[in-house]
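Notes follow the structure.
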Amino acid sequence: MKANYLFGPVASRRLGRSLGVDLIPAKTCPFDCVYCEVGRTTRHTSERKSYVSAEEVLAQLEEFFSGGGQADYVTFSGSGEPTLSMDLGRLIRETKKRFGVAVAVITNGALLGDAGVRGELAEADVVIPSLDSARQCSFEAVNRPVAGTAVEDIIEGLARFVKGFTGHVWLEVLLVGGINDSDEDITALAGAIARIRPEKVQLNTIVRPPADRGMRPASAERLEEAAQAFSRVAMTEIVVPASLRASGEAPDDARATILSTILRRPCTAEDLAAGLSIPLDVVEETLGELVSEGCVRKVTVSAGDYYEPAGKT
Ligand code: SF4
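Residues in the sequence shown are numbered consecutively from -19, following this note's numbering.
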């Protein structure tokens, strides 16, 4: 079967209608975060190379846009870490030049200590790096990095990147209850944010079913306390789920589109309806079919009912 490197567009909390591009095979990542919504990392690596054909990715983007597809952003993200791709810089450049669309990159920041990676990201419009801890011990507990990764190198790389970047940098911090949300963690993170100087900080916690099902979200009070500490050094917002709703006709391939989106990340029916512009009743009916056929399962967490691949561990 021919690989499909595009997913969505999905309703992104941060980017509006975002067409995702996945350059890395599922769960190939320098981290194995306890909260990862796409499951446990199966290939734990920092090796940069061409994991997929850049020409094929560009051909699929061409097909999407020439067929009338619309997106606010093309977003390099997905189920692996995009900066592992040696083609990232070229693909950012070509996407902007050929399709005239803004480009975002969602990265865990693990490779930003590398000046070459920083140079490749420099042509994006928005870079959304993560930093979940500024203390080595809780960094290792929450992100489970490749051995030898020092969080200090990541912080220094982020600071250097922001200094030379002309686009937007929105730093995402995800707090997990009891793992990286202590007073010490929040103080250390505030210090790191002051060094990095992002345009804004987006503070988040677990909302989708995490890789490690024993993990729990940070409390609303803790998020508020962290937001207050961070807002002394940078504009900070607590991110809330998108509330867009769809209207209009269902596309012919609604079922395939819904399934391919769920294979990339757990979604609610509302996420799917808004992101894919498929009426909510069609989405709900399709999800019911996929669940009864055993392709998809429903997982209920505090943020709502999410749908994920039935084979996910
Ligand atoms: S959340 Fe992102 S950085 Fe963490 S393991 Fe999953 S893909 Fe990798």
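Quick reminder that beta carbons are idealized off the backbone N, C-alpha and C, glycines included.
Contact check, residue i vs residue j under 8 Å by CB: the rounded distance?
i: residue 92; j: residue 138; result: 6 Å
i: residue 335; j: residue 249; result: This structure does not reach residue 335, given that the chain is present from -19 up to 293, and the question cannot be answered.
i: residue 64; j: residue 8; result: 6 Å
i: residue 198; j: residue 153; result: Going by Cβ atoms, the distance from residue 198 to residue 153 rounds to 10 Å, so no, they are not a contact pair.
i: residue 238; j: residue 288; result: Not confirmed; about 12 Å, so no contact.
i: residue 25; j: residue 12; result: At roughly 11 Å, the Cβ-Cβ gap does not stay under 8 Å, so residue 25 and residue 12 are not in contact.
i: residue 48; j: residue 104; result: Incorrect: roughly 25 Å between the Cβ atoms, too far for contact.
i: residue 159; j: residue 200; result: No, residue 159 and residue 200 are not in contact; Cβ-Cβ is about 17 Å, not under 8 Å.
Per DSSP, what are the beta-bridge partners of residue i in this structure?
i: residue 152; result: 110, 182
i: residue 95; result: Beta-bridge pairing links residue 95 to no other residue.
i: residue 55; result: 0, 84
i: residue 217; result: 182
i: residue 284; result: 281
i: residue 39; result: DSSP output for residue 39 lists no bridge partner at all.
Based on Cα-Cα distance, which residue from the options lies nearest to residue i?
i: residue -14; options: 13, 103, 58; result: 58
i: residue 66; options: 247, 3, 256, -2; result: 3
i: residue 263; options: 33, 244, 234, 280; result: 234
i: residue 109; options: 61, 258, 70, 159; result: 61
i: residue 187; options: 134, 127, 251; result: 251
i: residue 145; options: 210, 6, 102; result: 102
i: residue 99; options: 72, 178, -11, 256; result: 72
i: residue 38; options: 26, 27, 25, 54; result: 54
i: residue 301; options: 258, 134, -8; result: Outside the displayed span of the chain (-19 to 293) sits residue 301, for which this structure offers no information.
i: residue 286; options: 261, 189, 149, 260; result: 189
i: residue 0; options: 140, 271, 261, 244; result: 244
i: residue 185; options: 178, 173, 206; result: 206
i: residue 85; options: 168, 268, -8; result: -8
i: residue 15; options: 215, 196, 272, 210; result: 196
i: residue 23; options: 10, 52, 33, 30; result: 10
i: residue 51; options: 6, 36, -2; result: -2
i: residue 179; options: 268, 168, 204, 141; result: 141
For residue i, count neighbouring Cβ atoms within 10 angstroms of its own Cβ and tell me buried if that reaches 16, exposed if not.
i: residue -5; result: buried
i: residue 117; result: exposed
i: residue 113; result: buried
i: residue 164; result: exposed
i: residue -16; result: exposed
i: residue 17; result: buried
i: residue 78; result: exposed
i: residue 280; result: exposed
i: residue 19; result: buried
i: residue 174; result: exposed
i: residue 89; result: buried
i: residue 225; result: Low confidence applies here, because residue 225 scores a pLDDT of 29, under 50, leaving its location unreliable and the question unanswered by this model.
Quiz item: Relative to ligand 1, what is the chain-ordered list of residues with a Cβ closer than 5 Å to any of its non-hydrogen atoms?
Solution: Qualifying residues come out as 9, 11, 13, 16, 88.
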